[in-house]
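K.L.:
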Amino acid sequence: MKAQLNLPMVDLSNLMEMIGKNLDGILPSRLDMLNGKQVLFTNNNVIMKPIGGWDVTLAYDDVKINRLERIDVPACVVAVDSSCILVGETIDGSIYSAKCSIALSCNGEPITHILIGPLLFYTQYCDYSKSMEIDGVKRMIRVRLERLVQYELARTMRGIIMLVDGSLRHSIHESLYTIHRIEDACRANGNMLIGLSKSTRLRHLEGVISLLSREMYPCYIDVSSMVYG
């Protein structure tokens, strides 16, 4: 004769009712706030934007768009960028190949282009106190290589405009050559440092970016009050 299990009878309806009542107090759905809004459904964590940008005219109707006017002043512009790929793996580490490029333009005319690399780097998993995924190691190599090149340019050149990839913020991947040292070298030699980024991690500024994308001429918006306000 097969043994029978005397399972306790549990009324889950009361449990689900209590969860439903209490959930709204700590995690309200707020789906009613979607009324009248544009909705773009995304693929998991992939951030997507509508073609032509979000319709933010009403939300940012008081934002001032400033046009960038051309001025006839001689200037040299130096741009720095890099790339890094995974080329091999061992039982306890990985091999990466990195390149860094420098482009120089004076008075609107390209002058020269310098390519540093490819350079090979081998990293062991025990090299860092915190384990990093492959993308994190590639980012670390790029940041440290770019910062070194940017610092040497800022230290040896005068009166230039230097364009760097990303924002002018300290990175956790920086080592000896930090963005603050680069800024100090630029100030000492009368250089201008400009960070260029295709996107922002500040979600409330994405609508402002959409406003800029609709303009046909070079322009900018002062977002100081939005960031610090």
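In the working numbering, the protein residues as written are 7 to 235. Glycine included, each C-beta is placed from N, C-alpha and C at the ideal position. Source: prediction; values computed, not measured.
#1: Out of S181, K70 and H186, which one is the CA nearest neighbour of L174?
#2: Put P80 into one of helix, strand or coil per three-state DSSP.
#3: Is the separation between the beta-carbon of E152 and that of V86 shorter than 8 Å?
#4: Is the CB-CB distance between N113 and A160 below 8 Å?
#5: Can you give me the start and stop residues for the beta strand (DSSP E) that E115 sits inside?
#6: Considering only the alpha carbon of each residue, which of G165, Y157, L202 and N195 lies closest to E180?
#7: Hey, out of I25, I97, V45 and D171, whose CA is closest to Y131's CA?
#8: V83 and S111: beta carbons closer than 8 Å?
#9: May I ask you to report which of helix, strand or coil DSSP gives N28?
#10: Going by beta-carbon coordinates alone, are I77 and E221 separated by less than 8 Å?
#11: Helix, strand or coil for S135 per DSSP?
#12: I'd like to check one pair, S100 with G94: are the Cβ atoms closer than 8 Å?
#13: Between the alpha carbons of I178 and G172, how many angstroms are there, rounded?
#14: Where DSSP assigns a beta bridge to Y183, which residues make up the other side?
#15: May I ask which residues mark the beginning and end of the alpha helix (DSSP H) holding I140?
#16: Any idea which residues DSSP pairs G201 with across the strands?
P.N.:
For this structure:
#1: Of S181, K70 and H186, the residue nearest in Cα terms is H186.
#2: Three-state result, P80: coil.
#3: Yes.
#4: In this structure, N113 keeps its C-beta atom at 8 Å or more from the C-beta atom of A160.
#5: Looking at the DSSP string, the run of the beta strand (DSSP E) that includes E115 is E115 to Q130.
#6: The shortest Cα separation from E180 among G165, Y157, L202 and N195 belongs to Y157.
#7: Looking at the Cα atoms, I97 is the closest of the given residues.
#8: Yes, Cβ-Cβ distance for V83 and S111 is below 8 Å.
#9: If DSSP states are grouped into helix, strand and coil, N28 belongs with the helices.
#10: For I77 and E221, no; Cβs fall outside 8 Å.
#11: Residue placement at S135 is poorly supported in this model, since its pLDDT is 39, which falls under 50; the coordinates still yield a value, given next. The DSSP-derived three-state label of S135 is coil.
#12: Closer than 8 Å, so yes.
#13: Straight through space, the alpha carbons of G172 and I178 are spaced by roughly 14 Å.
#14: When DSSP reads this structure, Y183 sits in no beta bridge, so it has no partner.
#15: Here the alpha helix (DSSP H) through I140 covers I140 to T162.
#16: Note: G201 sits in a beta bridge opposite V170.
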